[in-house]
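Counting from 1, position 42 in the sequence shown corresponds to residue 63 in my numbering; the numbering is continuous, with no gaps.
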Amino acid sequence: MNEADFNALADAELDRLEGLLDACTAEIDYEVKPGGIIEVEFESGTKIIVNRHSAAREIWLAAKSGGFHFRPEAGRWVGTRDGADFYAVLSRCMSEQAGEPVTLG
22 MNEADFNALA DAELDRLEGL LDACTAEIDY EVKPGGIIEV EFESGTKIIV
72 NRHSAAREIW LAAKSGGFHF RPEAGRWVGT RDGADFYAVL SRCMSEQAGE
122 PVTLG
């Protein structure tokens with residue numbers, strides 16, 4: 022996959038994530054930054070950062086519990102280490118940082 026195709030695919034997923042964050046009932050604030058970056062901030066002041074990493078053709082997630090990398094595979098984003106679903110990992114990390122259950126995707 023070339024960089025332009027990857028960027029289009031990743032940007033579409035980040036747009037989807039933005040819609041899911043808008044609908045999220047947890048006490049969060051988020052900001053979309055240039056270059057394919059979404060910062061989610063929690064009442065505790067902690068953050069989760071999701072960003073497009075074009076060179077690696079991955080979406081990266083940085084949370085209090087660690088860093089995770091995801092690649093597109095068969096219509097979804099899967100973890101490069103364990104094949105975990107992007108939204109399952111993000112929901113788990115958000116739940117930990119929000120102190121309440123969060124389910125996205």
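For glycine and all other residues, C-beta sits at the position ideal for the given N, C-alpha and C.
Which term fits Ala119, buried or exposed, when burial requires 16 or more other beta carbons within 10 angstroms of its beta carbon?
buried
Could you check the C-alpha separation between Phe27 and Lys54 for me, to the nearest Å?
18 Å
What separation, rounded to the nearest whole angstrom, lies between the Cα atoms of Phe91 and Ala109?
12 Å
Thinking just about the alpha-carbon of each residue, which of Gly56, Thr67 and Ile58 is nearest to the one in Ile49?
Thr67
What are the uninterrupted segments assigned as beta strand (DSSP E) that are 3 or more residues long and contained completely in the stretch 28–86, given in chain order?
49–54, 58–63, 68–74 and 79–84
Is DSSP giving Asp106 helix, strand or coil here?
strand
Tell me the residue span of the beta strand (DSSP E) that contains Gly100.
Arg97 to Gly100
Compare the Cα-Cα distances from Asn23 to each of Leu38, Arg78, Glu39 and Arg37 and report the closest residue.
Arg78
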